[in-house]
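Q: Numbering-wise (the working numbering), the sequence shown opens with residue 24 and increments by one.
Note that CB positions come from ideal geometry on N, CA and C, so glycine has one too.
Predicted, not measured: the structure shown is a model, and the values here were computed from it.
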Amino acid sequence: MVRPDPDRPRGRFLVLEGIDGCGKTTQLERLKAWLPSSGLLAPGAELVVCREPGGTPLGQALRQLLLHPPEAASPCPTAELLLYAADRAQHVEARIAPALAAGHWVISDRFAGSTAAYQGYGRGLDLALIDQLEAIATAGLTADLTLWLDLPLPLSLERRGHRPADRIESAGLPFLQRVAGGFAQLAAQQGWARVEAAAAPEQVAEAIAALLRCRFAAAGGCDG
């Protein structure tokens, strides 16, 4: 277990969730540029940006197996769930927990919510079982704030266009509809911050910045 630095406050853990094409990658890049000078980070704190699957060297190998497996090696839904859990366990232990203990901020492109949405709602695996597995994989770690980039599925498909689809993206429209509905239910159940992702990237970035100021500014940054 990583021991926190007693001379530093614990860092903050932010997660971006949403269906493919919702703009997570774009907003991560904007956060990388904005957050270090936002005044929200404690003196000396750094910003760590990562993704799932693939946030560690082991995770990169697992990402290849999950998204672009060799022919005849595609994992079944249960194996898929366990591979994502292995990726997350390594990610938390090797990168996220040490960074938070050192007082740094961590932003992850996907975390436990994506597993519930894709493997639970999408694949139909038992959500209670997924919760039990996540408790092991994350060692109880939860995000300080989850930002749900809410994008209608038709617009997601339009944005993806003719881009080559990975194994998850090519699972079919009914699967993607279940995933999109799952994200909406999870956001409502778990109190995620909803961001209208159909807006222009600049507007989405402004909305995210306002949410972060409101949640984390020392003197409070909320209007009203």
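Examine the Cβ distances between the stretch 34–42 and the stretch 194–213 and report whether three or more of them are shorter than 8 Å.
A: Yes, the stretch 34–42 touches the stretch 194–213.
Q: Could you tell me whether the Cβ atoms of Ala160 and Ala112 are closer together than 7 Å?
A: For the purposes of this step, residue 160 is taken as residue 137 along the sequence shown, with counting starting at 1. For the purposes of this step, residue 112 is taken as residue 89 along the sequence shown, with counting starting at 1. Going by C-beta atoms, Ala160 is nearer than 7 Å to Ala112.
Q: Give the straight-line distance between the Cα atoms of Val129 and Leu105, rounded to the nearest whole angstrom.
A: Position 106 of the sequence shown, counting from 1, holds the residue named residue 129. Position 82 of the sequence shown, counting from 1, holds the residue named residue 105. Their backbone Cα atoms lie some 24 Å apart in a straight line.
Q: So, for Ala102: in the same chain, excluding its five sequence neighbours on each side, which residues have a beta-carbon less than 8 Å away from its beta-carbon?
A: Here residue 102 corresponds to residue number 79 of the sequence shown, with the count starting at 1. Correct list: empty, nothing qualifies.
Q: Can you give the Cα-Cα distance for Ala56 and Leu63, rounded to whole angstroms?
A: The residue labelled residue 56 in the question sits at position 33 within the sequence shown. The residue labelled residue 63 in the question sits at position 40 within the sequence shown. Each residue's Cα considered, the two are about 13 Å apart.
Q: Whole angstroms is fine: what's the gap from Ala242's alpha carbon to Ile231's?
A: For the purposes of this step, residue 242 is identified with residue 219 of the sequence shown, where counting begins at 1. For the purposes of this step, residue 231 is identified with residue 208 of the sequence shown, where counting begins at 1. With a pLDDT of only 47 at Ala242, under 50, the local geometry of the prediction cannot be trusted, and no value is derived from it.
Q: Could you name the residues that DSSP lists as bridge partners for Cys45?
A: Stepping through the sequence shown from its first residue, residue 45 is reached at position 22. In DSSP, Cys45 forms no bridge with anything.
Q: Classify Glu75 as helix, strand or coil using the three-state DSSP reduction.
A: Taking the sequence shown and counting its residues from 1, the one referred to as residue 75 is at position 52. Coil at Glu75, not helix or strand.
Q: Quick check: Val71 and Phe134, are their CB atoms within less than 7 Å of each other?
A: Taking the sequence shown and counting its residues from 1, the one referred to as residue 71 is at position 48. Taking the sequence shown and counting its residues from 1, the one referred to as residue 134 is at position 111. Contact: no.
Q: Can you have a look at Pro76 and say buried or exposed, based on whether 16 or more other CB atoms are within 10 angstroms of its CB?
A: Reading the sequence shown from its first residue, position 53 is the one you call residue 76. Label assigned to Pro76: buried.
Q: Rounding to the nearest angstrom, what Cα-Cα distance links Thr48 and Asp132 in this structure?
A: Here residue 48 corresponds to residue number 25 of the sequence shown, with the count starting at 1. Here residue 132 corresponds to residue number 109 of the sequence shown, with the count starting at 1. Cα to Cα, Thr48 sits roughly 7 Å from Asp132.
Q: Based on Cα-Cα distance, which residue from Glu69, Gly82, Ala188 lies nearest to His127?
A: Stepping through the sequence shown from its first residue, residue 127 is reached at position 104. The candidate whose alpha carbon is nearest that of His127 is Glu69.
Q: Helix, strand or coil for Asp110? Go by DSSP, reduced to three states.
A: Translated into positions along the sequence shown, residue 110 becomes position 87. Correct three-state label for Asp110: helix.
Q: Name the residue from Pro98, Gly143, Tyr144, Leu81 whose alpha carbon lies nearest to the alpha carbon of Glu116.
A: Counting from 1 along the sequence shown, the entry for residue 116 is found at position 93. Nearest of Pro98, Gly143, Tyr144, Leu81 to Glu116, Cα basis: Leu81.
Q: Please determine if the stretch 181–193 and the stretch 80–98 are in contact, where contact requires at least 3 C-beta pairs separated by less than 8 Å.
A: Flag = yes, the stretch 181–193 and the stretch 80–98 touch.
Q: Can Ala174 and Ala221 be called in contact, C-beta distance under 7 Å?
A: In the sequence shown, residue 174 corresponds to position 151, counting from 1. In the sequence shown, residue 221 corresponds to position 198, counting from 1. Note on identity: in this sequence residue 174 is Leu, with Ala being the wrong assignment. Result yes, Cβ atoms of Leu174 and Ala221 sit closer than 7 Å.
Q: So if DSSP puts Ser131 in a beta bridge, which residue, or which two residues, is it bridged to?
A: Stepping through the sequence shown from its first residue, residue 131 is reached at position 108. DSSP, once it has assigned bridges, lists Val38, Cys73 as partnering Ser131.
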